[in-house]
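Visitor: Below is a structure I'd like to ask you about.
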Amino acid sequence: MALVAGGSPAVALSADTAQQAASSSGAGESPSALAAASGEPVEVVAERTEYTQTMANPDGTFTLTQSTTPQRVRADDGSWESVDATLERRVDGTVGPKAAVVHLAFSGGGSGKDLIRLSNDRGALTLGWPGQLPQPQLNGDTATYPEVLEGVDLKLTATAEGFREVLVVKSAAAAANPALEEIKLAAAGDGLRIEPGAGGGIRAVDGDGNTVFKGPAGLMWDSAGSTASGERASRTLRSLPPAQAQTAEEPPVDESARPGDGDASSILPVKVEEGAVTVEPDLELLRGEETVYPVFIDPPMGAGHSERTVLSSDGDRFWAFDGDYGLGKCGSADGYYCGNGYVNRILFEFAPTKLTGKKIIDATFRAYETWSFNCTAHWVDLKRTNNISEGTRWPGPSVLDHIGDTNISAGRGDNCSPSQPDSWVEFNDSSAETDENLSSTVQTFADGGIARLTLMLKAKDETDPRA
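Just remember that the working numbering sits 77 ahead of the position in the sequence shown, which is counted from 1.
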């Protein structure tokens, strides 16, 4: 099952509580009046943000769509443009994404003191590499600095909200370098204080103690797993916007993005010191007799606007994930192999933002499914849980409530008859099922009874690889 933009609850608001939104569009006929006259929804442009969109409906209500990943970026001139993490060289010599919700700059080479600068209107974080850097090679959203140590490349990948930093150790000879026994980056905050985060992670907080940027504990893995089978999980999630998700070709496997099935991995707590952050690689994994190179060492960092994570029963976790992720058990059935039997759950956490104080008429959680194990529908649950953080591990936070479920198979296209194309999957309260309560939960959220709303997608039967 694939979630578009990390999850998009769509909430209808009553006209009396949303009237301020209707009139905030400035001079001229209001969006509500235009919607009533045209019979079609009209956007309340003044209410648009990177993560939300408000539509005035012909019947006088409003629909708010809120996502956990940015759907658009506000340009310096105030206009809106699509998110584009493609890197480009800038006139000041740095490298950065074309359009992101943070200001991000990678070094263009030379001194390593300004390897990464991540900032927004609340402050800035700078990380420095201990030494000189070659000019980076750019490929899409990734800058590769070759041979920062002998046999070691440094890869920086831009995201819409931050970056991933991966050291690629290409051989046993490279792994023997004593410099890899402790990886220390200079760290400085401008208006921000750098401190330890949850579960061995790192946070940059403002003067009021609010988290501005955060990252989980580091993760390292080798290349022992095989991707030769080409099999996919029982259900696959994609974080592309819907238009892209329907047309994009299957992306090539990027082994430096995350561990694959069968890769040995280890979690690396980040140590925060005065003026520096440090990770100590697992030397047994780095230099072990059974280690398969290259080995990847990855500490990511990003904005703290919202949370999303994939948790695996084998101990892996993918905080602030992008790309495709499976849901349910990844095992073997009907002659097909997915993995060694680990189970994935996917969680999303929302801030109230535009919902605060509104009266909720209806609420829907939508997900976009791009693959299922076979053509037979299986049940997927939506649960409310306690909150998550960059330190959350399997099995995840405790479940507080069953929100809903759906029976679905999609994404196999013409492999099924009739065809099962990629499809939206919606969780919406059914009057026939009294235990489904998404709308009332979102109302409690809007009323302030829930500080942050965390929802988890899981297979109803986590013992069945087909589910």
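The beta carbon of each residue, even a glycine, is placed where N, CA and C say it ideally should be.
Since the model is a prediction, treat every value here as computed from it, not as a measurement.
With DSSP run on the structure shown, which of helix, strand or coil describes residue 261?
Guide: Three-state DSSP puts residue 261 in a strand.
Visitor: Check residue 372 in the structure and name its three-state DSSP category.
Guide: Strand.
Visitor: Give me, in chain order, the residues of the same chain whose beta-carbon lies closer than 7 angstroms to that of residue 167; leave out the 5 immediate sequence neighbours on both sides.
Guide: Taken in chain order, the residues that qualify are 173.
Visitor: Rounded to a whole number of angstroms, what is the C-alpha to C-alpha distance between residue 427 and residue 507?
Guide: Cα-Cα distance, rounded: 23 angstroms.
Visitor: With DSSP as the reference, identify every bridge partner of residue 407, one or two as the case may be.
Guide: Answer is 419, bridged to residue 407.
Visitor: When DSSP labels each residue in this structure, what does residue 543 get in the three-state scheme?
Guide: If DSSP states are grouped into helix, strand and coil, residue 543 belongs with coil.
Visitor: Does residue 147 pass the burial test, meaning 16 or more other C-beta atoms within 10 Å, or should it be called exposed?
Guide: Label assigned to residue 147: buried.
Visitor: State buried or exposed for residue 326, treating a residue as buried only when at least 16 other CB atoms are found within 10 Å of its CB.
Guide: Note on residue 326: pLDDT 38, under 50, position unreliable in the model; no value is reported.
Visitor: Using the C-alpha atoms, what's the distance from residue 189 back to residue 206?
Guide: Distance between the alpha carbons of residue 206 and residue 189: 5 angstroms.
Visitor: Would you kindly report the start and end of the unbroken beta strand (DSSP E) that includes residue 167?
Guide: Looking at the DSSP string, residue 167 is not in any beta strand (DSSP E), and its letter there is neither H nor E.
Visitor: Quick one: is residue 408 buried, meaning 16 or more other Cβ sit within 10 Å of its Cβ, or exposed?
Guide: Buried.
Visitor: On the DSSP bridge assignment, give the partners of residue 356 in chain order.
Guide: Partner(s): 260.
Visitor: One question on the structure: do residue 342 and residue 298 come within less than 9 angstroms of each other, judged by their Cβ atoms?
Guide: Cβ atoms of residue 342 and residue 298: closer than 9 angstroms.
Visitor: Can you have a look at residue 106 and say buried or exposed, based on whether 16 or more other CB atoms are within 10 angstroms of its CB?
Guide: When all chains shown are included, residue 106 counts as exposed.
Visitor: Less than 7 angstroms between C-beta atoms, sequence neighbours within five positions excluded: which residues of the same chain meet that for residue 176?
Guide: Closer than 7 angstroms at the Cβ level, and outside the excluded window around residue 176, lie 150, 158, 159, 160 and 161.
Visitor: Per DSSP, residue 131 is paired with what?
Guide: Note: residue 131 sits in a beta bridge opposite 141.
Visitor: On the three-pair Cβ rule with 8 angstroms, is the region 397 to 407 touching the region 536 to 544?
Guide: These segments touch.
Visitor: Between the Cα of residue 365 and those of 275, 220 and 253, spot the shortest distance and give me the residue it belongs to.
Guide: The shortest C-alpha separation from residue 365 is found at 253.
Visitor: For residue 255, count neighbouring C-beta atoms within 10 Å of its own C-beta (all shown protein chains included) and say buried if the count is 16 or more, exposed if not.
Guide: Exposed.
Visitor: Taking only the alpha-carbon atoms, compute the straight-line gap between residue 480 and residue 519 and give it to the nearest angstrom.
Guide: Answer to the nearest angstrom: the Cα atoms are 11 angstroms apart.
Visitor: Do residue 478 and residue 457 have their C-beta atoms closer together than 9 angstroms?
Guide: No.
Visitor: With residue 273 as the anchor, note down where its beta strand (DSSP E) starts and where it stops.
Guide: From DSSP, the beta strand (DSSP E) with residue 273 extends over 270 to 273.
Visitor: Compare the Cα-Cα distances from residue 521 to each of 467, 115, 447 and 440 and report the closest residue.
Guide: That would be 440, whose Cα lies nearest to the Cα of residue 521.
Visitor: Can you tell me where the alpha helix (DSSP H) with residue 243 in it begins and where it stops?
Guide: Where residue 243 is concerned, there is no enclosing alpha helix (DSSP H), although the beta strand (DSSP E) it sits in stretches over 239 to 246.
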